[in-house]
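Protein chains in written order, with our numbering: chain A, 45 to 235; chain B, 45 to 235. Note that beta-carbon positions come from the ideal geometry of N, C-alpha and C, so glycine has one too. Given the structure is predicted, the values throughout are model-derived calculations rather than measurements.
2 protein chains.
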Amino acid sequence: MTQATGVTRPGGRTARTREAVHAATRELLAESADGTIDLAAVAARSGVHIATIYRRWRTAEGLIIDTVVEDLGTRSPLPATGDLRADLLTWVTNLLTELAQPNHLAFFRALIRVGGERKNGLDFVEPRVRQMQATLDAAGATELTWLDVFELLLAPSYTRALLSIPMDPATDATRLVDNVIAIRDHRAANA
Amino acid sequence: MTQATGVTRPGGRTARTREAVHAATRELLAESADGTIDLAAVAARSGVHIATIYRRWRTAEGLIIDTVVEDLGTRSPLPATGDLRADLLTWVTNLLTELAQPNHLAFFRALIRVGGERKNGLDFVEPRVRQMQATLDAAGATELTWLDVFELLLAPSYTRALLSIPMDPATDATRLVDNVIAIRDHRAANA
DNA sequence: TGCACTAACGCAAAATATTCGCGCTAAGCT
DNA sequence: AGCTTAGCGCGAATATTTTGCGTTAGTGCA
Numbered sequence: 045m046t047q048a049t050g051v052t053r054p055g056g057r058t059a060r061t062r063e064a065v066h067a068a069t070r071e072l073l074a075e076s077a078d079g080t081i082d083l084a085a086v087a088a089r090s091g092v093h094i095a096t097i098y099r100r101w102r103t104a105e106g107l108i109i110d111t112v113v114e115d116l117g118t119r120s121p122l123p124a125t126g127d128l129r130a131d132l133l134t135w136v137t138n139l140l141t142e143l144a145q146p147n148h149l150a151f152f153r154a155l156i157r158v159g160g161e162r163k164n165g166l167d168f169v170e171p172r173v174r175q176m177q178a179t180l181d182a183a184g185a186t187e188l189t190w191l192d193v194f195e196l197l198l199a200p201s202y203t204r205a206l207l208s209i210p211m212d213p214a215t216d217a218t219r220l221v222d223n224v225i226a227i228r229d230h231r232a233a234n235a
Numbered sequence: 045m046t047q048a049t050g051v052t053r054p055g056g057r058t059a060r061t062r063e064a065v066h067a068a069t070r071e072l073l074a075e076s077a078d079g080t081i082d083l084a085a086v087a088a089r090s091g092v093h094i095a096t097i098y099r100r101w102r103t104a105e106g107l108i109i110d111t112v113v114e115d116l117g118t119r120s121p122l123p124a125t126g127d128l129r130a131d132l133l134t135w136v137t138n139l140l141t142e143l144a145q146p147n148h149l150a151f152f153r154a155l156i157r158v159g160g161e162r163k164n165g166l167d168f169v170e171p172r173v174r175q176m177q178a179t180l181d182a183a184g185a186t187e188l189t190w191l192d193v194f195e196l197l198l199a200p201s202y203t204r205a206l207l208s209i210p211m212d213p214a215t216d217a218t219r220l221v222d223n224v225i226a227i228r229d230h231r232a233a234n235a
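This is how it looks when you write it as structure tokens:
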């Protein structure tokens, strides 16, 4: 025996397969109106056999998550100028605008379908929250934590998008951010 | 022609079928660990042919929503004593406790899967919000609207449950309610 | 560099899941 | 009581997902 068993082979053909399927998924997701993709179509467009897709990603949701998460890494950094209100406003406005895009909604929808079974959903939200922490630190907002950001900004934004409750990025972002500021001031006063 | 066409027939056999399927769904949902049900199992337990289930409810999600929504009507009323903080605390603590139950989680998950395609998700949340409005009115909290309740209490609670982010009903309910009170005070001061 | 080992793939068949066509039963109207 | 047809059961057709098996090609080691 010249090689240990159970070793993965991420390079070569496997990498090409992965990239081809991801590309096809991105395209079909962009064309999809309801954030759903047909695995048979992914197989046809990517040239990868459908059985391979089922074996590697198990479900359409898993494939969507895997694909979109890859994109999330290549985001523009968040503002951290020290002006908490302005920074948050920029961030939330961007978020609400993005959530109108069907593929981001598809991502979160897929995430929820997978739910708590395989991964902790927090693992996906955490990178965003981590970036946000830098904005909080720059503003010296020691009264606020990532949990506040999650509860006051992320959760309402995503939930409204998921339930198709219509929203106006400018107006809604302002109210949500005002809430954060009010809570911060309230805690600072009671400290 | 002695009868107009296109008339539905909700009584008799149709009603019996509906009830049998609902009962089977409730049972299987209670037994299910991940909030998923097998339509073949529903058909077997209810004695209703599986083709009928597919025809009437289209998908497992539709069936789950239809079943759980029926139960939601038979809830205990919310407290509306005029003590806003106490009332909200009772309500949110109950909500967080309920969300730990798998079948309620299954409901919301199914709701999101159906998403914006068939119904407006707000239609399901609206009854809860309407009840909550009575609590707000009793406390004379004119600074707050249903949207604030949705954004500050409902959205964070559901999102945390959906993403399997662990929570402690007592601690988390307190913080969420404190946020609402702080925002109310803040708006009252700036009025 | 070449060889041994086997992970990952393609293919086709099997197993499940979903939809459809058709006749029959019985709900609801007159 | 009679007539019409919505809604159901049944079985077949179609679509989706899984599995077994032979082949191809990464990867470590001599």
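The distance from the Cβ of residue 72 of chain B to that of residue 85 of chain B is about 6 Å, consistent with a contact at the 8 Å cut-off. When the Cα atoms are used, residue 156 of chain A and residue 199 of chain B turn out to be separated by approximately 14 Å.
Three or more beta-carbon pairs drawn from the region 197-217 of chain B and the region 135-147 of chain B are found closer than 8 Å, and the two stretches are therefore classed as touching. A check of alpha carbon separations from residue 63 of chain B across B:226, B:121, B:111 and B:81 identifies B:111 as the nearest. Here DSSP, grouped into helix, strand and coil, assigns residue 171 of chain B to helix. Put simply, of A:220, A:148 and A:75 the residue whose alpha carbon is nearest the alpha carbon of residue 131 of chain A is A:220. Among the residues of chain A, none has a CB under 7 Å from the CB of residue 142 of chain B; the nearest is roughly 17 Å distant.
In chain order, 188 place their CB closer than 6 Å to the CB of residue 180 of chain A, counting only its own chain and leaving out the 5 sequence neighbours on each side. Within the region 196-209 of chain B, contact with chain A at the beta-carbon level (separation under 8 Å) is assigned to 196, 198, 199, 200, 202, 203, 204, 206, 207, 208 and 209. Look at residue 75 of chain B here: in three-state DSSP terms it is helix. Per DSSP, reduced to three states, the secondary structure at residue 221 of chain B is helical. Among the residues facing chain A, residue 65 of chain B is not included, as its CB has no counterpart in that chain under 8 Å away.
Within the model, the alpha-carbon separation for residue 89 of chain B versus residue 109 of chain B is close to 19 Å. The C-beta separation of residue 178 of chain A from residue 107 of chain A comes to about 31 Å, leaving the pair out of contact by the 8 Å criterion. Residue 224 of chain B sits close to residue 196 of chain B, with the two beta carbons spaced by under 8 Å. For residue 226 of chain A, the chain B residues whose Cβ falls inside 7 Å of its Cβ are 226, 227 and 230, in order along the chain. Residue 138 of chain B is outside the set of residues whose beta carbon lies under 8 Å from a beta carbon in chain A. Counting only Cβ-Cβ distances below 7 Å, residue 174 of chain A has no contacts in chain B at all, with the closest Cβ about 15 Å away. Residue environment: residue 74 of chain A is assigned as exposed (fewer than 16 neighbouring CB atoms within 10 Å of its CB, all protein chains considered). Against chain A, the CB of residue 109 of chain B has no partner CB under 8 Å away; the residue lies outside that interface.
Spanning the alpha carbons of residue 77 of chain B and residue 103 of chain A requires a straight line of approximately 19 Å.
Within its own chain, the residues whose Cβ lies closer than 7 Å to the Cβ of residue 152 of chain B, once the five positions on either side in sequence are excluded, are 202 and 206, listed in chain order. Here residue 214 of chain B carries a helix assignment [DSSP, helix/strand/coil]. Our two residues, residue 147 of chain A and residue 169 of chain A, have alpha carbons roughly 16 Å apart in a direct line.
For residue 220 of chain B, the C-beta contacts it makes with chain A under 9 Å involve 195, in order along the chain. Of the residues assessed, residue 128 of chain B falls on the buried side of the cut-off, its CB having 16 or more other CB atoms within 10 angstroms. A distance below 8 Å separates the beta carbons of residue 226 of chain A and residue 227 of chain B. Ranked by Cα distance from residue 143 of chain B, the options B:208, B:96, B:133 and B:174 are led by B:208. Residue 223 of chain B reaches chain A at 195, 196, 223 and 227, counting residues in chain order whose Cβ is nearer than 8 Å. Rounded to whole angstroms, the separation of the alpha carbons of residue 150 of chain B and residue 98 of chain B is 19 Å. Between residue 217 of chain A and residue 133 of chain A a beta carbon distance of about 6 Å is seen, short of the 8 Å cut, so the two are scored as contacting.
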